[in-house]
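Colleague: Numbering (UniProt numbering), first residue to last: 1 to 301. The following block contains the structure, expressed as structure tokens.
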């Protein structure tokens, strides 16, 4: 479970601290033999250069905001092709869903209906639920033939579905246990649950959505870092069995792709990682995690 004492309302985001942190992860891997001497010496040389880079000495204080407030702003650009996570999670989710029979499916925390559209294309009757009215409005325009309802992951206004999918939402919640219990409640015996979420290592590396406040102030959606074990324990407690787990990662950057621009805060930490691409790639143990669970066919809720 996330250490709640570490979730502070205002975060001091220091760009130098970030890039040095990536170098540190890479160097720790080198210390246990995952990289050779040339790699380690290159990282140390980069550290010396980074310490002298005045552009990295301009920190930003960032306020955490709720998902309702954050997605109200983000909804206008959420489906932008630049949202890199979409290129990673969808292929894995498709492979899992393609093996399941069509039925009644719930897209929990449906957002603009990305997964709902995928499910409709595969013959499912889809119900989408989200806490953001702005996201639901976009989902209804996207799929006028499907049903979308306002609700939360803790209180889903749905009963008896064959499949639940949930994308990039659980990290915004401090405790997974009641959410998995709610998923199990709405699933028919033998039903399936497919979850894509930010990998705990991805959260550690700052893969947290950025939004601007009404006066341009920097905000990030409140996000918690759950261990892989947190997901498994919550699922088992709800009577769900792990069927599959995958940790898709982005491809390695091409040689010579080192960026020279720190970038505006809105594209941190991704622009910062691009300053040290070899260290950043070495530090990527997982960008997303995709889980497939199944409810016990004998259990009654």
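By construction, the Cβ of each residue, glycine as well, lies at the ideal position given by its N, Cα and C atoms.
#1: Helix, strand or coil for residue 17? Go by DSSP, reduced to three states.
#2: To the nearest angstrom, how far is the alpha carbon of residue 262 from that of residue 21?
#3: If you run the structure through DSSP and keep just helix, strand and coil, what is residue 294?
#4: Just checking, does the segment 285-299 make contact with the segment 200-215 on the three C-beta pairs under 8 Å criterion?
#5: Please classify residue 112: does DSSP put it in a helix, a strand, or coil?
#6: Please report how far the alpha carbon of residue 14 lies from the alpha carbon of residue 34, in whole angstroms.
#7: From the DSSP secondary-structure annotation, give me the bridge partner or partners of residue 125.
#8: Enumerate in chain order the residues of its own chain whose CB-to-CB distance from residue 208 is below 7 Å, with the five nearest sequence positions on each side excluded.
#9: When the Cα atoms are used, what is the spatial distance from residue 93 to residue 163?
#10: Rounded to the nearest angstrom, what separates residue 120 and residue 126 at their Cα positions?
#11: Measuring alpha carbon to alpha carbon, tell me which of 185, 9, 96, 228 ends up nearest residue 66.
#12: Once DSSP output is grouped into helix, strand and coil, what is the label at residue 9?
#13: Assuming residue 309 and residue 241 are in contact, meaning their beta carbons sit under 8 Å apart, how far apart are those beta carbons, in whole angstroms?
#14: Does the pairing of the segment 164-182 with the segment 99-108 give three or more beta-carbon distances under 8 Å?
#15: Could you spell out the range, first to last residue, of the alpha helix (DSSP H) harbouring residue 204?
#16: Would you identify the three-state DSSP class for residue 98, choosing helix, strand or coil?
#17: Helix, strand or coil for residue 161 per DSSP?
#18: Going by beta-carbon coordinates alone, are residue 274 and residue 259 separated by less than 8 Å?
#19: Between residue 129 and residue 233, what straight-line distance do the alpha-carbon atoms span, to the nearest angstrom?
#20: With 16 as the cutoff for other CB atoms within 10 Å, does residue 215 come out buried or exposed?
Modeller: For this structure:
#1: helix
#2: 16 Å
#3: strand
#4: yes
#5: coil
#6: 28 Å
#7: 104
#8: 220, 221, 223
#9: 12 Å
#10: 7 Å
#11: 9
#12: coil
#13: Outside the modelled stretch of the chain, which goes from 1 to 301, sits residue 309, for which no answer is possible.
#14: yes
#15: 200-204
#16: coil
#17: strand
#18: yes
#19: 25 Å
#20: exposed
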